[in-house]
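Numbering (the numbering used here), first residue to last: 2 to 83.
Shown next, in the form of structure tokens:
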């Protein structure tokens with residue numbers, strides 16, 4: 002299964018749904034794609050996600066995954082562009 006970790010884009014929201022230590026466990030059994038720079042707001046680099054076994058991808062690549070997770074619901078605009 003391909004799992005996408007989407008960046009939050011709402012004003013003031015800097016969290017990311019899952020962090021590298023937890024992703025490491027998931028990435029052993031699934032392909033995990035994290036949106037580029039998703040963790041910068043909380044000082045987690047793309048390199049940290051890659052070390053945990055993830056790939057870094059564009060928003061489109063993340064939303065093309067079988068399962069997409071994030072903290073907040075997507076906006077109507079994000080849904081419409083799917």
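Even glycine gets a Cβ: it sits at the ideal position worked out from N, Cα and C.
Quiz item: Looking at C-alpha atoms only, which residue of 80, 2, 32, 78 is the closest neighbour of residue 53?
Solution: Along the chain shown, read from residue 1 onward, the residue named residue 53 stands at position 52. For residue 53, the closest C-alpha among the options 80, 2, 32, 78 is that of 32.
Quiz item: Of the residues 47, 48, 9, 38, which one's Cα is nearest the Cα of residue 76?
Solution: Counting from 1 along the chain shown, the entry for residue 76 is found at position 75. Residue 9 is the option with its Cα nearest to residue 76.
Quiz item: In its own chain, which residues sit with a C-beta less than 7 Å from the C-beta of residue 69, not counting the 5 before and 5 after it?
Solution: Residue mapping note: residue 69 aligns to position 68 of the chain shown, counting from 1. Excluding positions up to five away in sequence, the list reads 5, 7, 63.
Quiz prompt | Neighbourhood of residue 72 by C-beta, 8 Å cutoff - its chain only, sequence neighbours within 5 removed | solution = On the chain shown, position 71 is the one that residue 72 refers to. Short of 8 Å from the beta carbon of residue 72, and not among the five residues preceding or following it, lie these beta carbons of its own chain, in chain order: 9, 14, 16, 17, 18.
Exercise. Enumerate, from N- to C-terminal direction, the unbroken alpha helix (DSSP H) stretches of 4 or more residues contained entirely within the region 7–40.
Key: List check, alpha helix (DSSP H) in window: 21–28.
Quiz item: Hey, out of 55, 66, 59, 78, whose CA is closest to residue 22's CA?
Solution: Counting from 1 along the chain shown, the entry for residue 22 is found at position 21. The shortest C-alpha to C-alpha distance from residue 22 to any of 55, 66, 59, 78 is the one to 55.
Self-check item: From 43, 78, 79, 24, residue whose alpha carbon lies closest to that of residue 35
Solution: For the purposes of this step, residue 35 is taken as the residue at position 34 of the chain shown. Nearest option by C-alpha distance: 24.
Quiz prompt | Opening and closing residue of the beta strand (DSSP E) in which residue 52 lies | solution = In the chain shown, counting from the first residue as 1, residue 52 sits at position 51. Looking at the DSSP string, residue 52 is not in any beta strand (DSSP E); the run it does join, the alpha helix (DSSP H), is 47–52.
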